[in-house]
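Presented below is the structure to which this report refers.
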Amino acid sequence: MNTARFPIPASLARLGARLSIDTESWKARGRLALRVDGYPRLSLRPARGESLELQARLRPLPTPARERELLIDALMLRVTAHAATHVAVPTLSPDGEHLLLQATLSEEGPRTVEEGFESFLNDLDYWTAVLKELA
Numbered sequence: 001m002n003t004a005r006f007p008i009p010a011s012l013a014r015l016g017a018r019l020s021i022d023t024e025s026w027k028a029r030g031r032l033a034l035r036v037d038g039y040p041r042l043s044l045r046p047a048r049g050e051s052l053e054l055q056a057r058l059r060p061l062p063t064p065a066r067e068r069e070l071l072i073d074a075l076m077l078r079v080t081a082h083a084a085t086h087v088a089v090p091t092l093s094p095d096g097e098h099l100l101l102q103a104t105l106s107e108e109g110p111r112t113v114e115e116g117f118e119s120f121l122n123d124l125d126y127w128t129a130v131l132k133e134l135a
């Protein structure tokens, strides 16, 4: 008998097997927190269908409103210029206090979930470097 409250999507099961990711917390909570290559926690959650939402926290936003505005403006110029080449995009956290990196990974898209996960990590490297440059 399967007692999992949240069945593991096939795409996540394949990713877990390939990268030796423990997917047990998905069964209980319907989400997965990972640490990869020393990055802050990556979060995987279900999206529509068999899709997965992948998210990482990039950094807190500056407190002074003018610094916050300048950083977001500079970042959005980069997003616009590179949107077609990246799987993930920077977004604001729901509380408006942090920059996040988010992507939706799906078997329906041009990449597999595994390829999307690897691309997300590459995008995380890219956006981390951009934010250091803009600081």
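The working numbering applies: residue 1 is where the sequence shown begins, and numbers increase by one.
Where a beta carbon is used, it is the ideal one built from N, C-alpha and C, also for glycine.
Being a predicted model, the structure only gives us computed values, none of them experimental.
Go ahead and label residue i buried or exposed: buried means 16 or more other beta carbons lie within 10 angstroms of its beta carbon, across all protein chains shown.
i: residue 9; result: buried
i: residue 92; result: exposed
i: residue 56; result: buried
i: residue 42; result: buried
i: residue 49; result: exposed
i: residue 105; result: buried
i: residue 20; result: exposed
i: residue 90; result: buried
Have a look at the options and flag the residue whose alpha-carbon is nearest the alpha-carbon of residue i.
i: residue 84; options: 27, 119 and 15; result: 119
i: residue 101; options: 21, 66, 127 and 74; result: 127
i: residue 47; options: 87, 30 and 35; result: 30
i: residue 38; options: 134, 121, 133 and 135; result: 121
i: residue 133; options: 114, 7 and 74; result: 74
Please state the DSSP three-state secondary structure of residue i.
i: residue 61; result: coil
i: residue 2; result: The predicted model places residue 2 with a pLDDT of 49, which falls under 50 and marks its position as unreliable; any figure quoted below should be read in that light. Coil at residue 2, not helix or strand.
i: residue 113; result: helix
i: residue 53; result: strand
i: residue 11; result: helix
i: residue 81; result: helix
i: residue 33; result: strand
Beta-carbon within less than 6 Å of residue i's beta-carbon, same chain only, minus the 5 sequence neighbours each way: which residues are those?
i: residue 44; result: 32, 52 and 54
i: residue 22; result: none
Grab me the residues of residue i's own chain with a C-beta within less than 8 Å of its C-beta, minus the 5 sequence neighbours each way, in chain order.
i: residue 96; result: 61
i: residue 2; result: Any reading at residue 2 must be qualified, since the residue scores a pLDDT of 49, below 50, and its modelled position is unreliable; the value itself is stated next. Excluding positions up to five away in sequence, the list is empty.
i: residue 59; result: 98, 99 and 131
i: residue 123; result: 86, 87, 88, 101 and 103
Going by DSSP, what residues sit across from residue i in a beta bridge?
i: residue 190; result: No information on residue 190 is available, as it lies outside the stretch 1 to 135 that the chain covers here.
i: residue 89; result: 102
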